[in-house]
């Protein structure tokens, strides 16, 4: 009677001979259907089982048939060959590396964790945005702070599950301060809020100074707040119950390991008087002083009506609506400035 055997085609290793399993691999077994159909079974298939197998019939003229097994393996990140979190100075170059194995070989895709587009520098002054980037190497040339963030390296090969690694790219630079309103005016007794916008990384120490002297602290008189997001931050100083002694120059200061920056704001008083008008019986007000006079350093002019002699006013009274418009406009006339910290 002829015998049937199974062998590994690549090295001719005998696995089974007729009904007997010859190999010491417990995952291998053999079955047959009345000696007509012989089947080789491999349980819990491993990557090492990939290859071709030969069924051989020992007759006077040997017959054989070959079947091949391709084992698909889900992707796996090679952490030792993949970038860790990285900190780089602004303007320098950087490369993020991601390696993975699996079968078929995985595809590598880069995305930003926050869902924003990846910013790539195409030329010295030209930046392009892409939703994702394919390839093991993600190159950054002349890094910009806008490229800071968490990046996801995603490996996939259509064998689930896909895997990913999170890599944080930090871009370090000295503080920069922008002051939306450098010149602010307010009537006595009101609350006044000063604002500065800061960009810096790593994190900064921030504080407020009055008249280049005392550091201001949070308390009953002052409310100091910050709102930080990655490398951007807003600083607010609220001065409660504005008094004459609060008039002066205020500085917002920001410092980190790479430098220091400050912004300057000037706070002055807006004086408001009730006007008397001998025309129609309505209440009108006139403004004394203001942004223009404060900027030019002119003395305040009294524009109140002389009720005793019925004389005319020295300035045209403003309606309450016009006054509010003037005050609101005054708080937005300060031009924006940027101060770069020295490295």
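In the numbering used here, the protein residues as written are 95 to 437. For each residue, glycine too, the CB sits at the ideal point set by N, CA and C.
Straight-line CA distance for residue i to residue j?
| i | j | result |
| --- | --- | --- |
| residue 343 | residue 278 | 10 Å |
| residue 291 | residue 228 | 36 Å |
| residue 161 | residue 147 | 5 Å |
| residue 110 | residue 99 | 5 Å |
| residue 351 | residue 297 | 9 Å |
| residue 129 | residue 115 | 16 Å |
| residue 273 | residue 321 | 15 Å |
| residue 428 | residue 358 | With a pLDDT of only 37 at residue 428, under 50, the local geometry of the prediction cannot be trusted, and the value read off the model is given with reservation. The alpha-carbon atoms of residue 428 and residue 358 are separated by roughly 11 Å. |
| residue 103 | residue 196 | 23 Å |
| residue 97 | residue 253 | 39 Å |
| residue 383 | residue 310 | With a pLDDT of 40 at residue 383, under the threshold of 50, the predicted position of this residue should be treated as unreliable, though the coordinate-derived value follows. In a straight line, the C-alpha of residue 383 is about 28 Å away from that of residue 310. |
| residue 225 | residue 168 | 25 Å |
| residue 280 | residue 326 | 28 Å |
| residue 240 | residue 183 | 13 Å |
| residue 303 | residue 331 | 10 Å |
| residue 301 | residue 323 | 18 Å |
| residue 106 | residue 143 | 14 Å |
In the DSSP assignment, find the unbroken beta strand (DSSP E) run with residue i in it and report its ends.
| i | result |
| --- | --- |
| residue 135 | 131 to 136 |
| residue 282 | Note, residue 282: premise wrong, no beta strand (DSSP E); not H, not E. |
| residue 144 | Element bounds for residue 144: n/a, residue is neither H nor E. |
| residue 249 | 243 to 250 |
| residue 321 | 316 to 323 |
| residue 258 | 257 to 273 |
| residue 168 | 167 to 171 |
| residue 214 | 212 to 217 |
| residue 336 | Premise fails: residue 336 is in no beta strand (DSSP E) and is neither H nor E. |
Is it the case that the Cβ atoms of residue i and residue j are separated by a distance below 9 Å?
| i | j | result |
| --- | --- | --- |
| residue 204 | residue 248 | yes |
| residue 171 | residue 193 | yes |
| residue 275 | residue 289 | yes |
| residue 185 | residue 219 | no |
| residue 157 | residue 150 | yes |
| residue 137 | residue 123 | yes |
| residue 126 | residue 251 | no |
| residue 188 | residue 118 | no |
| residue 299 | residue 230 | no |
Can you find a CB in chain B that lies within less than 9 Å of the CB of residue i?
| i | result |
| --- | --- |
| residue 246 | Looking for chain B here will not work: only one protein chain is present. |
Would you please state the rounded distance, in angstroms, between the beta carbons of residue i and residue j? I believe it to be under 8 Å.
| i | j | result |
| --- | --- | --- |
| residue 177 | residue 261 | 5 Å |
| residue 268 | residue 353 | 3 Å |
| residue 341 | residue 362 | 6 Å |
| residue 242 | residue 328 | About 18 Å; that fails the 8 Å criterion. |
### Message
Does the segment 243 to 257 come into contact with the segment 184 to 193, if we say contact requires no fewer than three beta-carbon pairs (one atom in each stretch) closer than 8 Å?
### Response
yes
### Query
Would you call the segment 305 to 319 and the segment 253 to 267 touching, i.e. three or more CB-CB distances under 8 Å?
no
### Message
Would the segment 320 to 340 count as touching the segment 281 to 288 if we require 3 or more Cβ pairs under 8 Å?
### Response
yes
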